[in-house]
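Accompanying notes for the structure given below.
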Amino acid sequence: MSGLALSNVTKEFGSFTAVNNIDITVPHGTFVCLLGPSGCGKTTLLRMIAGLDLPTSGAIRLDGDDITRVPTHKRNLGMVFQSLALFPHLTVGENIAYPLRIRGVAKEEQKKRVDELLAMIHLSGYADRPVSKLSGGQRQRVAIARALSISPKLFLLDEPLSALDAKLREAMQVELRQLQQKLGITTIVVTHDQREAMTMADTVVVMNKGEIRQAASPIEIYRRPADTFVADFIGSTNLLEAEATGGAVSVLGQPVSGISLGSATKATLSVRPEDVHLTAPGNGALSGTVTFVRDLGGTIETFVDVAGRQIVAVSTPRARPDVTVGQPVGITLLPDVCVVLSK
Amino acid sequence: MRREKPQKLLDYAPIVFPAAMLIVFFVIPFATMIAVSFFQREQAGFYTPAFQFANYERFLSLFFANVLGFSLMLAIAVAICCVLLALPFTYLLARMSRKAQIVWLVALLSVLSLSEVIIGFAWSTLLSRTAGITNLLVAAGIMTEAKALLPSFGAVLTGMVYQAFPYTVLVLYPAIVRLDPTLTEAARTLGASPLKAFFTVVVPALRNTITATLIMVFIFALGSYLLPQLLGRPQHWTLSVLITDQAIYQSNMPFAAAMAVFLVLVTLGLVALTVIAGRKGEAA
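Written out as C-alpha cells, the structure reads:
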C-alpha cells in the first residue's frame, strides 16, 4: 500500500505511556493533522514517524517497507520544527540547499533547485541573506522550503505556525494547504489549534492521553464528534445531560420530545451554539433566563441559564434575538443537530 | 539596552572598587615590569633605574627567537589538542542526564584544584620506565620491555593538555548547552548522519566560541613554566621557563621583565590577528 501505516505503535517513557497502541493509515498524498491538548502524545507520535524517537512496540511502514528501525537520516523525509531550527551560520540559500549538499548533489543543480524553491515560497532573490535578517513569516517559509528541497516522501510539521501572530498564522495555513495540494505530498502536521486543523486537513486525528479519540474529516469531526472530549475540544459546544425513563426523554430535567437516546438511559447531548434557537418562553423544549448578551458585531452570543446550566446560543445580526438580560426565553432543540454521546 | 550617560562624578561610584582592584593588582605591577625592563642590572643582584634598551637588544638573538618560536608552537599545539578533545567531549556531556553532568563537572573542577607541581610529578611517574604505564602494556603483552616516555616533547604536550583540558571544557560548556538541540535533529531529518550533523551544524554554529576557546587555552599554555622543566628536555623549555630562570635563579630582573613584556606584545599581536581573521571570515 502506498502511504504511511502505523500499527500498534506504543511509546513508554519509564512508567509513563506517552503513546498507547495507535493505528493510523495515511494514504499517499493526504494531509493529516494530529490534534490534541499539550501532553497528549501527538509530538511523540510525529517524532517516531521521523525516527527521532523509537517506538517501544509496534511498526511503522512507508509505502509497504518497514521503517520502524531505519535511522532518521535514511528516511528521506522533510520536517519543520516548532523552533524552525534554521541553521544560523548559513544563508537562506545554503539552508535550503543543505539536504542537497549532504546528499552530494552537484553545485549547479543545487542552485537551480534553490531558485525554484525560493520562487515557490515567494522569496526570490533572498538566497544570499542571512536567516537572522528575515521576518517570522519569511523564516517559516524558508524552513518549509528546506524541508521540501529533496521532494521528500513524507512532509512532517511540528506546531509549525505557533510562533507567528494570529493574522499571519491564518494566512500561512491557507498557503501551506495550497502548497500541499499542488505538490501532492503526504503531510502530517501536529497542532493544538483546532482552526488550523480544520483549515488544512483531509483527516483530523484527535488525540488525548496517548490515544486516538476520533479520526475523520474535519466536518465529520465537527458535526459528529465521537465523544464529549472531541465535542468539547473542537469548536465550542453545549454539553447537556439527558436521561431516558420509560420512553420519556428529559434534558436538564425538562421533558423533551423527538430525541432518542437509543438504548442508553443516561447520555450527554452536544449542541453547537449556532444550532441553539431561542423562541418565546414556553414554546421551546427547554425554558430558561437570559443572563448575558455578548454582541460582537458579526455574531451575537446569548447566554441562557437553564436549571443552573449555562447554554450559549450564537446567531447572526440578521437573526438577532429580541431579548434582554433577565428575560425568560424558550430554547428549541432540533433532533438532527443534537449529537447523542454515550459518555 | 541603552543607558543614560553618567552625568555627575558620583555616577561613576559603582566602578570605583573594580577600578581600584585593577589598578592595584594589574596596572601598577605591569607598569613596574615595563619600567624595570629598561633598568640597568647590577652584578650584585639588583638593579638601578635607567633608560636603556640593552635588555631588549640581548633578547634579539637566534637562541631566544628559537625559544619564542617553540613556546608559541607548543601553546598552539596545546590549544588545538585541547579543543579537539574537549569539543566532542563537552557535546556528549551536554546531552547526558543532569546528574551525570554534575559528576563530570565536579571531577573536572577537582583536576583544576591540583597544582602544576603535582600534575608534573604525577605524569613523570606515569611516564617513567620503572612505574609507568608502559609496564601495563608489557603485562598486557603489547610491549616487550618497559621504557621511559620522558623527557620528551610528547610528555610535555600530554601534561599541558591534561592541565588545560578542564578549562577548555568549562569555557565550551555554556555555549554548547545553549545550542538548540533541534538544530542537530533538523540536520538528521534532512539527511545528515549524526557524525555529519556534528561537523556541518554543531561545529560551524559554534565557530566563534571555538575561536575564543583556542585563544584562551593558547594564552593559558603560554604561561606554563613548570611542566616543560619536569617533563621535557632543555630544548623543550619555553620562554616562560627562561623568564623564571632569569628572574629567580640569575637574579636578572630587568632581562626577565624585558622578555615578559615582549611575550605579552607577541601574544596580543597573535590574538588581534585571530580576531581580525575571524571578522573577515564572518563577513565573507
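Respectively, the protein sequence lines represent chains A and B.
For what it's worth, our numbering labels the leading residue of the first sequence as 1, then goes sequentially.
For what it's worth, our numbering labels the leading residue of the second sequence as 1001, then goes sequentially.
Every residue gets a Cβ at the ideal spot worked out from N, C-alpha and C, and that includes glycine.
{"query": "Local conformation of glutamate 1004 of chain B per DSSP, three classes", "result": "coil"}
{"query": "Spatial neighbours of leucine 1226 of chain B in its chain, beta-carbon cut-off 8 Å, leaving aside the 5 residues before and after", "result": "Glu1116, Val1117, Gly1120"}
{"query": "Extent of the continuous alpha helix (DSSP H) to which proline 1228 of chain B belongs", "result": "1227-1231"}
{"query": "Check whether aspartate 158 of chain A and valine 32 of chain A have beta carbons under 8 Å apart", "result": "no"}
{"query": "Proximal residues to threonine 1158 of chain B (C-beta, below 7 Å), its chain only, five neighbours per side dropped", "result": "Trp1123"}
{"query": "Counterpart residues of glutamine 1040 of chain B in DSSP-defined beta bridges", "result": "B:Thr1048"}
{"query": "Exposure label - arginine 141 of chain A; buried when at least 16 CB within 10 Å", "result": "buried"}
{"query": "Distance, glutamine 178 of chain A Cα to methionine 172 of chain A Cα", "result": "10 Å"}
{"query": "Distance, proline 130 of chain A Cα to alanine 1284 of chain B Cα", "result": "The predicted model places alanine 1284 of chain B with a pLDDT of 45, which falls under 50 and marks its position as unreliable, so this point remains unresolved."}
{"query": "Check whether alanine 145 of chain A and phenylalanine 155 of chain A have beta carbons under 8 Å apart", "result": "no"}
{"query": "Given 8 Å, three or more beta-carbon pairs between the stretch 296-314 of chain A and the stretch 235-247 of chain A", "result": "yes"}
{"query": "Leucine 1314 of chain B versus valine 1156 of chain B - alpha carbon distance", "result": "There is simply no residue 1314 of chain B to check, as chain B begins at 1001 and stops at 1284 in what is shown."}
{"query": "Extent of the continuous beta strand (DSSP E) to which cysteine 33 of chain A belongs", "result": "31-35"}
{"query": "Close-in-space but distant-in-sequence residues of the same chain around proline 27 of chain A (CB under 6 Å, 5 per side omitted)", "result": "Gly3"}
{"query": "Where valine 1201 of chain B meets chain A, residues with beta-carbon distance less than 7 Å", "result": "Phe87"}
{"query": "Short-range partners of chain C found in the stretch 1204-1216 of chain B, where Cβ spacing is below 8 Å", "result": "Among the protein chains in the structure shown, which are A and B, there is no chain C."}
{"query": "Nearest candidate by alpha-carbon position, reference aspartate 1180 of chain B, set A:Leu62, A:Val293, A:Phe87, A:Cys40", "result": "A:Phe87"}
{"query": "Exposed unless 16 or more other CB atoms sit within 10 angstroms - verdict on methionine 198 of chain A", "result": "buried"}
{"query": "Classification of glutamine 1163 of chain B by the beta-carbon crowding that lies within 10 angstroms, buried from 16 upward", "result": "buried"}
{"query": "Alanine 1094 of chain B and tyrosine 1173 of chain B closer than 8 Å at C-beta", "result": "yes"}
{"query": "Any chain A beta carbon closer than 8 Å to lysine 1196 of chain B", "result": "yes"}
{"query": "CB-CB length for proline 347 of chain A against glycine 258 of chain A, believed under 8 Å", "result": "Summary: the structure shown does not reach residue 347 of chain A, with chain A confined to residues 1 through 343, and so no result is reported for it."}
{"query": "Between the CA atoms of threonine 1209 of chain B and asparagine 76 of chain A - distance to the nearest angstrom", "result": "32 Å"}
{"query": "Continuous beta strand (DSSP E) assignments of at least 3 residues falling wholly in the stretch 47-106 of chain A", "result": "57-62, 77-80"}
{"query": "Minimum Cβ-Cβ distance from phenylalanine 81 of chain A to chain B less than 8 Å", "result": "yes"}
{"query": "Histidine 277 of chain A, DSSP secondary structure in three states", "result": "strand"}
{"query": "Simplified DSSP assignment, three categories, for threonine 291 of chain A", "result": "strand"}
{"query": "Assigned exposure category for threonine 1107 of chain B - 16 Cβ within 10 Å defines buried", "result": "The sequence shown places alanine at residue 1107 of chain B, rather than the threonine named in the question. So alanine 1107 of chain B counts as exposed."}
{"query": "The stretch 1191-1206 of chain B contacting the stretch 1260-1269 of chain B, beta-carbon criterion three pairs below 8 Å", "result": "no"}
{"query": "Contact list for the stretch 1166-1197 of chain B against chain A, Cβ threshold 7 Å", "result": "Asp1180, Thr1182, Leu1183, Glu1185, Ala1186, Arg1188, Thr1189, Leu1190, Gly1191, Ala1192, Ser1193, Lys1196"}
{"query": "Beta carbon proximity, alanine 50 of chain A to chain B, threshold 8 Å", "result": "yes"}
{"query": "Residue from B:Val1271, B:Met1073, B:Leu1214, B:Phe1051 with nearest C-alpha to valine 1169 of chain B", "result": "B:Leu1214"}
{"query": "Test item: CB-CB of glycine 210 of chain A and alanine 50 of chain A under 8 Å", "result": "no"}
{"query": "Host beta strand (DSSP E) of aspartate 158 of chain A (start-end)", "result": "154-158"}
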